[in-house]
Amino acid sequence: MAAKQTGLQEDVEVGPEVIDIDRIERVYAKLDRRILPAFWVLYFMCSAIRSNIGLAQTMNLAEKHDLGSVLDITPKQVSTGLALFYVCYVLFDLPSNLIMSRVSPHAWMSRIVTCVGIIGMCLTAMNAAWNLYLLRLLLGIVIAGMWPGMSYYLTLFYPPSRTGKRIGRYFTASQMSAAVVGLVSAGFQKMDGVGGLVGFQWMFLLYGIVGFIVGVSLLWWLPDRPLPPGQVRQRTGWAKWLPQSKPALEGEDARVHYEDLRRVYSRKLWNMKDLWNVIIDWRIYPLVVMYFGVVGVGNGTQAYATVIIRGINPGLTGIQLSLLSAPIWIMDLVAILVVTPISDRFHHHRPAFFSGAVVVQIAGLVIATFAKGWSRYGGVLLIGFGLGPTVPICMAWSNEIFQPRHGEVGVAAASALVSGLGNLGSILTTYALYSGWAADAREGAHKYRKSNFVMIGILCASMLSAGSMVVLLRVFGGSKGKQSSTGARSTDEGSGGCVDGAARRELQQRGLGRMLWFK
């Protein structure tokens with residue numbers, strides 16, 4: 001009979017303690033079952049509504065019922081509409097996340113997804129370029145804060161070193177969304193003309209309805225922020241009118257979770273000085289450049305996947321293009337499932353995992369640029385594989401660096417700034433490249449070559465930034481024992497590896513068993 005696995009650990013704040021690893025793992029597994037499915041579904045729907053406009057450009061192309069023909073707009077105008085979304089996304093990411101840190105986070109997340117569903121339904125009624133511009137602007141405003149908000153929400157329940165794998169798990173929803181939306185769009189194209197709507201209008205309408213339903217359900221599905229054992233939540237103001245969500249953990253589970261998490265998290269209100277300290281922290285800007293490159297390439301690929309594939313064979317039908325775009329995101333999904341658990345297990349080496357994935361993307365772009373025939377499609381698949389783990393690694397590394405230094409406002413502001421400013425890369429790739437670059441979109445052997453070169457350039461900048469971050473953290477990592485007014489405690493760990501319960505227990509776990517998804 002196997003002995004119960006425990007470990008005697010010394011903690012500078014709480015002294016010696018006996019940790020029952022298996023018990024704590026069961027508590028976090030219970031949290032996973034409550035939080036991650038909700039995150040997966042909401043991210044799936046928001047990703048579908050945000051990105052299905054890319055598919056609308058090639059749906060029912062032969063019948064001239066594609067987005068450009070129905071709205072009578074040029075590819076450049078479509079690119080402008082795509083880019084306007086990211087302009088608002090950049091501007092409103094930080095305010096949204098800061099509001100979320102002050103209110104019930106599950107209610108704020110519900111507000112975001114519900115509004116995304118409403119805008120998704122409104123996309124059905126577009127009939128002119130200005131409709132596209134307005135609705136994409138509004139979509140950027142209402143969805144801002146969703147992605148960094150999810151990262152911030154995780155840190156309310158998990159130590160930073162546990163977040164990478166969890167971010168990877170729900171990030172797979174984006175890849176599954178891209179694959180499923182691509183496959184299902186073939187069915188929507190068969191609905192062309194039914195009820196007086198063209199294929200892409202049916203797609204916008206149905207995804208919007210489902211998104212709205214998911215958003216409302218989050219009020220019950222997601223738990224509110226955890227409280228110390230014995231503390232009762234005060235429901236004041238508008239919160240009194242919201243349905244009460246069941247706590248994520250109760251009884252002994254709540255106590256065990258609180259004792260494990262209290263080393264790295266404490267709930268204290270922040271002030272403008274705390275926010276300013278985060279904004280001027282130099283550590284945030286290498287992370288922004290890292291995110292800029294990979295998210296720019298990711299969103300550019302998502303928006304123009306069917307356009308890029310059509311450049312390989314202009315004779316492909318809209319349905320064939322939709323079906324061929326799906327494997328890109330299946331490759332992306334596989335990479336997330338394989339790499340992010342390993343990057344959590346060896347979380348002090350996240351920059352190496354990030355850089356390796358970027359190299360794979362660069363190789364894919366080179367193949368897609370210079371290979372002949374359908375070998376170029378293999379390069380596009382390689383891009384998808386390389387994209388997978390990069391965004392989860394960026395967000396997890398941000399959490400590890402900023403939570404111990406700046407506390408709750410550090411995670412809320414840093415994740416929003418990294419996501420918001422980093423999405424300037426999306427503006428570049430969706431507005432200025434491929435269909436948006438008229439000279440580069442001309443038919444011929446060099447079609448889209450310059451756009452691919454730009455993508456390679458920003459990926460190189462991301463990789464160089466990751467390397468620079470490692471060097472700078474080792475040289476200027478931080479001073480011991482510094483504490484902000486939020487109660488956050490900085491460490492001298494240059495890699496941002498705070499000494500939390502999960503990080504310490506990594507040293508005790510045997511082999512790779514606990515790293516795997518099914519453990």
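Sequential numbering from 1 applies to the sequence shown in UniProt numbering. Even glycine gets a Cβ: it sits at the ideal position worked out from N, Cα and C.
Item                                                                                                           : Value
Segments of 4+ residues assigned as alpha helix (DSSP H) that fall wholly inside the region 318–406            : 318–345, 350–370 and 375–387
For Arg-235 and Val-380, the rounded distance between their alpha carbons                                      : 51 Å
Boundaries of the alpha helix (DSSP H) in which Arg-474 is found, first to last residue                        : 449–476
Environment of Asp-492 [buried if 16+ CB atoms lie within 10 Å]                                                : Since pLDDT at Asp-492 reaches only 40, below the 50 mark, its modelled position is unreliable, and the value read off the structure follows with that caveat. So Asp-492 ends up on the exposed side.
Inter-stretch contact at 8 Å, needing at least 3 Cβ pairs: the region 32–49 / the region 167–176               : yes
Cβ contact check for the region 23–32 and the region 250–257: 3 or more pairs under 8 Å                        : yes
CB contact below 8 Å: Trp-238 versus chain C                                                                   : Among the chains in the structure shown there is no chain C, since it carries only a single protein chain.
Own chain residues within Cβ distance below 7 Å of Val-90, not counting five before or after                   : Gly-420, Leu-421, Asn-423 and Leu-424
Proximity to Trp-397 [Cα-Cα], best of Gly-386, Ala-466 and Ala-357                                             : Ala-466
Backbone CA spacing between Pro-286 and His-106 [nearest angstrom]                                             : 30 Å
Pairwise C-alpha distance: Ile-427 and Ile-401                                                                 : 27 Å
Local Cβ density within 10 Å of Arg-223, reported as buried at 16 or more and exposed below that               : The sequence shown places Pro at residue 223, rather than the Arg named in the question. So Pro-223 ends up on the buried side.
CA-to-CA distance, Ile-21 to Ala-3, given in whole angstroms                                                   : Because Ala-3 sits at a pLDDT of 43, beneath the cut-off of 50, its placement in the model cannot be relied upon, and the point is left open.
The region 193–207 touching the region 56–70, judged by at least three CB pairs closer than 8 Å                : yes
Residue span of the alpha helix (DSSP H) that contains Val-103, given as start and end                         : Segment: none, Val-103 is in no alpha helix (DSSP H) and carries neither H nor E.
Complete runs of the beta strand (DSSP E) confined to the region 272–303 [at least 3 residues]                 : none
Pro-148: first and last residue of the uninterrupted alpha helix (DSSP H) it sits in                           : 146–155
Element boundaries [alpha helix (DSSP H), containing Met-176]                                                  : 163–190
Three-state secondary structure (DSSP) of Thr-80                                                               : helix
Gln-483, buried or exposed, once every other Cβ within 10 Å from all chains shown has been counted against 16  : Low local confidence applies: a pLDDT of 46 at Gln-483 is under 50, so the model's placement there is unreliable, with the coordinate-based value given in what follows. Exposed, since its Cβ has fewer than 16 Cβ neighbours within 10 Å.
Exposure label - Ala-144; buried when at least 16 CB within 10 Å                                               : buried
From Leu-61, Arg-23 and Ile-49, residue whose alpha carbon lies closest to that of Thr-317                     : Leu-61
C-beta contact flag for Ile-367 and Leu-459 at 8 Å                                                             : no
First through last residue of the alpha helix (DSSP H) which encompasses Leu-138                               : 129–143
Cβ shell of Ala-131 (< 8 Å), same chain only, five flanking positions each side left out                       : Reading off the sequence, residue 131 comes out as Asn, not Ala. So the qualifying residues of the chain are Leu-71 and Ala-125.
Segment contact flag, the region 268–275 with the region 405–414, C-beta cutoff 8 Å, min 3 pairs               : yes
Neighbourhood of Asp-192 by C-beta, 7 Å cutoff - its chain only, sequence neighbours within 5 removed          : Asn-60, Glu-63, His-65, Val-198 and Gly-199
Outcome for Tyr-349 when other beta-carbon atoms lying within 10 angstroms are tallied against a minimum of 16 : This sequence places His at residue 349; Tyr is not what is there. By the neighbour-count rule (16 or more Cβ atoms within 10 Å), His-349 is not buried but exposed.
Straight-line gap, Leu-82 to Tyr-133 (C-alpha atoms, nearest Å)                                                : 8 Å
Between the CA atoms of Lys-165 and Arg-376 - distance to the nearest angstrom                                 : 31 Å
Three CB pairs or more closer than 8 Å across the region 339–348 and the region 306–324                        : no
Where the alpha helix (DSSP H) through Gln-201 begins and ends                                                 : 199–221
Euclidean distance between Cα positions of Ile-73 and Ser-79                                                   : 10 Å
Buried or exposed by the 16-neighbour rule on C-beta atoms within 10 Å, applied to Ile-35                      : buried
Beta-carbon proximity check, Ile-330 vs Ala-186, cutoff 8 Å                                                    : no
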